[in-house]
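Q:
Residue numbers (our numbering), protein chains in the order written: chain A, 60 to 317; chain B, 119 to 378.
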């Protein structure tokens, strides 16, 4: 873990440049360019609001905001993972020719998506104001679930990027895993709909605690319990320890398999 | 500096032969299921117990046929491969001119690529900003520097890559058959720059098929054959033994353009 901080600090300029490169390439050749990072989530939010606000009515008040409070962090997680799982293999040409620190590739993929995610919070705040939903003071608590979320994503990114070098099936499996995981997490529904006896299974989901932190502070205006906060940070730290541990152990032989 | 710039001691580099490793989970499961050991592959030894020293300030040539292990040596020095056994010591900053422009992204402009490539080569952002004007000038790119590199001619592309790679002020320069690059005028400039490095007492390691380059540039030459070090001697002598080995009928090889 300490090693990771040292490496990240040492290569911070490279990671940042690669992350910006990824975003720049994503939005290159489009007329609106970087604005898409804001427009994309905004459009999605407007559609969701229309669908759930007027067409399908749920028993949940302001369902769009209820949904978005967890959907935005989830989208970040799933996009960052989809990008980073291919990040080592995708840079094969480079890795075979020059000595580069391998950790910068999954790292840059995650950082690029962090920027995207933070930008998507702006349209959310805008939507909340427009819908006259209260903009809770608990937003200032958001950095804590964010730390948990970013750590968990980074750990998973290292984990799957490393395995994908040896088994290319992983990138397909990750896609399936992500969609199963999405429905297994209470994102489009609330845990209150689920009979109490099943809650134990939901608690095994390491993403639950982090996602909960987002929904509580954005939608309910509440703070999670100390136990839940601790769990969300612990899941993040554990993911990094396992994911980066695996990545570091095998990074020297990546070059022979790509 | 008492230590040599590069020291190889008993270096062995083996590769798994690529078709026989399980590439997918299915294959891995099949192997597991049949209780076959996963290591049904055979190892190919690209380098067999190679030892040599390169003192600081030496220009060393490496010759040998295709597939003899020359480029593997350069890649080990560059840190791309970690050798299977033996020890490698490298003292000094390396500029690998192995595959020029390997880190270039086609959608990005020349200037953006200078930054990323420089960072990949281990420079800091500040150093790159300081070096940028000199890099652009040497590459003779002109106003194209702010156009995406996919619009560059292959000559411009190589010039920019060479310019970035040599701007890092290396102690050790690794060159793999790249000097057939660009037009005659630019080649002269490249050789001039490499000549300058030599005069400054930098270490240069050059892989080439071109007998003239080896003869003109190098103080010493290694002859590699099938992963074994056949000779570590003066360039003339190594070249003579190489000629003998491949037979006199071999036409002078035109070194291939490096692929991207």
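We put the CB at the ideal spot given by N, CA and C, even for glycine.
(1) Please list the residues of the region 178 to 203 of chain B that have a C-beta atom closer than 7 Å to any C-beta atom in chain A, keeping them in chain order.
(2) Suppose you measure from the CA of residue 274 of chain B to the CA of residue 267 of chain B; what does that come to, to the nearest Å?
(3) When you compare the CB positions of residue 130 of chain B and residue 186 of chain B, do they come within less than 8 Å of one another, or not?
(4) Give me, in chain order, the residues of the same chain whose beta-carbon lies closer than 6 Å to that of residue 239 of chain B; leave out the 5 immediate sequence neighbours on both sides.
(5) Could you give the first and the last residue of the continuous beta strand (DSSP E) run that contains residue 351 of chain B?
(6) Apart from the five residues on each side of it in sequence, which residues of its chain come closer than 6 Å, Cβ to Cβ, to residue 222 of chain B?
(7) Short of 9 Å Cβ to Cβ, which residues in the region 204 to 231 of chain A face chain B?
(8) Using only the alpha-carbon positions, how far apart do residue 280 of chain B and residue 303 of chain B sit?
(9) Please tell me whether residue 320 of chain A and residue 192 of chain A are closer than 8 Å, where the distance is taken between their beta carbons.
(10) For the pair the region 70 to 78 of chain A and the region 165 to 179 of chain A, tell me if three or more CB-CB distances fall below 8 Å.
(11) For residue 249 of chain B, which residues in chain A fall below 9 Å Cβ to Cβ?
(12) Any beta-carbon of chain A closer than 8 Å to the one on residue 213 of chain B?
(13) From what residue to what residue does the alpha helix (DSSP H) around residue 261 of chain B run?
(14) Considering only C-alpha positions, which residue in the set B:164, B:161, B:180 and B:205 is nearest to residue 125 of chain B?
(15) Can you name, in chain order, every residue of its own chain whose Cβ lies under 6 Å from the Cβ of residue 246 of chain B, other than the five neighbours on each side?
(16) Checking 8 Å against the spacing of the C-beta atoms, do residue 342 of chain B and residue 180 of chain B come in under that value?
(17) Once DSSP output is grouped into helix, strand and coil, what is the label at residue 190 of chain B?
(18) So, do the region 215 to 229 of chain A and the region 157 to 171 of chain A have three or more beta carbon pairs nearer to each other than 8 Å?
(19) Would DSSP call residue 30 of chain A helix, strand or coil?
(20) Mapping DSSP to helix, strand and coil, what is residue 311 of chain A?
(21) Along the chain, where does the beta strand (DSSP E) containing residue 215 of chain B start, and where does it finish?
(22) Can the beta-carbon of residue 96 of chain A be found closer than 8 Å to that of residue 107 of chain A?
(23) Which residue comes first and which comes last in the alpha helix (DSSP H) that contains residue 108 of chain A?
(24) Alpha carbon to alpha carbon, how far is residue 322 of chain B from residue 311 of chain B? Give it in angstroms, no decimals.
(25) Using a beta-carbon distance below 8 Å, is residue 83 of chain A in contact with chain B?
(26) By the 10 Å Cβ neighbour count, where 16 or more other Cβ atoms means buried, how is residue 268 of chain A classified, buried or exposed?
(27) Using beta-carbon positions only, say whether residue 94 of chain A and residue 183 of chain A come within less than 8 Å of one another.
A: In short, the structure shows the following:
(1) Per Cβ criterion, the list reads 196, 197, 198, 199 and 200.
(2) Each residue's Cα considered, the two are about 9 Å apart.
(3) With a cutoff of 8 Å on beta-carbon distance, residue 130 of chain B and residue 186 of chain B are scored as not near each other.
(4) Here the set comprises 286.
(5) Residues 346 to 351.
(6) Sequence-distant Cβ neighbours of residue 222 of chain B in its own chain, meaning closer than 6 Å and more than five residues away, are 231 and 267.
(7) Within the region 204 to 231 of chain A, 225, 226, 227, 228 and 229 place their CB atoms closer than 9 Å to a CB of chain B, listed in sequence order.
(8) So the two alpha carbons sit approximately 14 Å from each other.
(9) As displayed, chain A neither begins before 60 nor continues past 317, which places residue 320 of chain A out of reach and without an answer.
(10) In this structure the region 70 to 78 of chain A lies against the region 165 to 179 of chain A, because at least three pairs of beta carbons, one per stretch, are closer than 8 Å.
(11) Neighbours of residue 249 of chain B on chain A: none; closest Cβ ~14 Å, over 9 Å.
(12) It does not: the Cβ of residue 213 of chain B has no partner Cβ on chain A nearer than 8 Å.
(13) Following the DSSP letters along the chain, one finds residue 261 of chain B in no alpha helix (DSSP H), marked with neither H nor E.
(14) Of B:164, B:161, B:180 and B:205, the residue nearest in Cα terms is B:205.
(15) The answer, listed in chain order, is 233 and 236.
(16) Cβ atoms of residue 342 of chain B and residue 180 of chain B: closer than 8 Å.
(17) Under the three-state reduction of DSSP, residue 190 of chain B is assigned to helix.
(18) The region 157 to 171 of chain A and the region 215 to 229 of chain A touch, with three or more beta-carbon pairs separated by less than 8 Å.
(19) Summary: the structure shown does not reach residue 30 of chain A, with chain A confined to residues 60 through 317, and so no result is reported for it.
(20) In the structure shown, residue 311 of chain A sits in a helix (DSSP, three-state: H, G or I).
(21) That run of the beta strand (DSSP E) goes 212 to 215.
(22) For residue 96 of chain A and residue 107 of chain A, no; Cβs fall outside 8 Å.
(23) Element bounds for residue 108 of chain A: 95 to 109.
(24) One alpha carbon belongs to residue 311 of chain B, the other to residue 322 of chain B, and they sit about 12 Å apart.
(25) Taking Cβ atoms only, chain B reaches closer than 8 Å to residue 83 of chain A, which makes this a yes.
(26) Taking all protein chains in view, the Cβ of residue 268 of chain A is crowded by 16 or more other Cβ atoms within 10 Å, so the residue is classified as buried.
(27) Against a cut-off of 8 Å, the Cβ pair of residue 183 of chain A and residue 94 of chain A comes out as no contact.
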